[in-house]
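Asks: This is the structure I have questions about; it appears just below.
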């Protein structure tokens, strides 16, 4: 399947302002099921300097610097991608010691995975008991635990769109039983780290046909590192393992580093954000 993704974001200010350095992470990340045919970034006003570089997770970002002032700052990124269906669970989990959770990994055995195992926040006893109940139900099987937990989170936590870019704490989401995709991804990340599974937060696109009159939005999910299979995407908001329709833009051990656009401005002004994402299938 081939798709043209157009991602437009603009910031409008009540007065002319100056702009600080902006980091733009809108280029689809390389993956075995994604072919990036072409991509183009247009920034208005034109930056005085623009640099493309590789991030620590293998994704690509732009760093933009500006001179002068303006009332509007806009970013339009167009990507031409070809997506291929695949079965992410088509592998043999090895070494066999990881057939069951919790995983036992440390600085000596997996130093590069340690950032994806740290506890972002202490989990409540209520949430821990929930984790243990699922683990017991599946006899600690790694694959059954991750797939069952992914669908169970979808079952018990209702999706609710929120404007805030900062995810709720996992305990709060579990208590409220509602959350945005970022909130739901965060609780799943914390659950899997509690089970010793390296987990990273991902921001990107869940590409699908969109009903007329509706606009898609950015999506968030979690990659789990399972020995023998590598990084595997799990989408707890949808309760499934993506089979080729998720396009990652950026990923990190910490959710706060996965914003597609970040930066600031100088001046005293009110701001308004406009956003439009479209998919055109070829």
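Numbering (our numbering), first residue to last: 774 to 1055.
We put the CB at the ideal spot given by N, CA and C, even for glycine.
1. Measuring CB to CB, does residue 978 end up less than 8 Å from residue 778?
2. Kindly indicate which residue of 1004, 900, 898 and 918 has the alpha-carbon position closest to the one of residue 907.
3. Taking residue 1019 as part of the beta strand (DSSP E), name the residues at either end of that continuous run.
4. Relative to the alpha-carbon of residue 1015, which residue among 901, 842, 997 and 933 has its alpha-carbon at the smallest distance?
5. What is the residue span of the beta strand (DSSP E) that residue 1056 lies within?
6. Given a cut-off of 8 Å, decide if residue 878 and residue 1054 are closer than it, judged by their beta-carbon atoms.
7. Assign residue 887 to one of two classes, buried (16 or more other C-beta atoms within 10 Å of its C-beta) or exposed (fewer than that).
8. Mapping DSSP to helix, strand and coil, what is residue 883?
9. Going by DSSP in three states, residue 1011 sits in which element: helix, strand or coil?
10. Of the choices 847, 872 and 909, whose alpha-carbon is the least far from that of residue 1047?
11. So the candidates are 942, 945 and 930; which of them puts its Cα closest to the Cα of residue 951?
12. Where are the beta strand (DSSP E) runs, 3 residues long or more, that stay fully inside the region 791 to 822, in chain order?
13. Tell me whether the beta-carbon of residue 1021 lies closer than 8 Å to the beta-carbon of residue 802.
14. Tell me whether residue 959 sits in a helix, a strand or coil according to DSSP, three-state version.
15. Ordered along the chain, which non-local residues of its own chain (more than five positions away) have a Cβ less than 8 Å from that of residue 830?
16. Relative to the alpha-carbon of residue 874, which residue among 965, 994 and 852 has its alpha-carbon at the smallest distance?
17. Compare the Cα-Cα distances from residue 1029 to each of 956, 840 and 921 and report the closest residue.
18. Residue 926 lies in the alpha helix (DSSP H); which residues open and close that run?
19. For residue 818, tell me which candidate among 795, 945, 924 and 1045 has the shortest Cα-Cα distance.
20. Excluding the 5 residues flanking residue 1051 on each side, which residues of the same chain have their C-beta closer than 7 Å to its C-beta?
21. Using a threshold of 8 Å, state whether the C-beta atoms of residue 834 and residue 797 are closer than that.
22. Nearest to residue 828 by alpha carbon, out of 995, 851, 799 and 858?
23. Measuring CA to CA, which of 912, 1007 and 900 is closest to residue 872?
24. Taking only the alpha-carbon atoms, compute the straight-line gap between residue 1045 and residue 839 and give it to the nearest angstrom.
25. The beta strand (DSSP E) with residue 844 in it runs from where to where?
26. Would you tell me roughly how many angstroms separate the C-alpha atoms of residue 920 and residue 1043, rounded to the nearest one?
27. Quick check: what's the CA-CA separation for residue 953 versus residue 932?
28. Provide the residue span of the beta strand (DSSP E) that contains residue 974, from first to last.
29. Between which two residues does the alpha helix (DSSP H) holding residue 997 run?
Replies: Taking the definition as stated:
1. In this structure, residue 978 sits near residue 778, with a CB-CB distance shorter than 8 Å.
2. For the set 1004, 900, 898 and 918, the Cα lying nearest the Cα of residue 907 is the one of 918.
3. Residues 1019 to 1025.
4. It is 997.
5. In the structure as shown, the chain starts at 774 and stops at 1055, and residue 1056 therefore has no counterpart that could be examined.
6. The answer is no: Cβ separation not under 8 Å.
7. So residue 887 counts as exposed.
8. Here residue 883 carries a coil assignment [DSSP, helix/strand/coil].
9. If DSSP states are grouped into helix, strand and coil, residue 1011 belongs with coil.
10. Ranking the options by Cα distance to residue 1047, first place goes to 847.
11. For residue 951, the nearest C-alpha among the options comes from 930.
12. List check, beta strand (DSSP E) in window: 795 to 797 and 807 to 817.
13. Taking a C-beta distance under 8 Å as the contact criterion, residue 1021 and residue 802 qualify as a contact pair.
14. Three-state DSSP puts residue 959 in a helix.
15. The answer, listed in chain order, is 802, 973, 1023, 1024 and 1025.
16. Of 965, 994 and 852, the residue nearest in Cα terms is 965.
17. The shortest C-alpha separation from residue 1029 is found at 956.
18. The continuous alpha helix (DSSP H) containing residue 926 extends over residues 915 to 929.
19. Out of 795, 945, 924 and 1045, the CA that lies nearest to the CA of residue 818 is found in 795.
20. The answer, listed in chain order, is 779.
21. Cβ atoms of residue 834 and residue 797: closer than 8 Å.
22. Looking at the Cα atoms, 799 is the closest of the given residues.
23. For residue 872, the nearest C-alpha among the options comes from 912.
24. Cα-Cα distance, rounded: 19 Å.
25. Per DSSP, the continuous beta strand (DSSP E) segment holding residue 844 begins and ends at 842 to 856.
26. Residue 920 and residue 1043: Cα-Cα distance of roughly 45 Å.
27. When rounded, the distance between both Cα atoms is 6 Å.
28. Per DSSP, residue 974 belongs to the beta strand (DSSP E) from 972 to 979.
29. In the DSSP assignment, residue 997 falls outside any alpha helix (DSSP H) and within the unbroken beta strand (DSSP E) covering 992 to 999.
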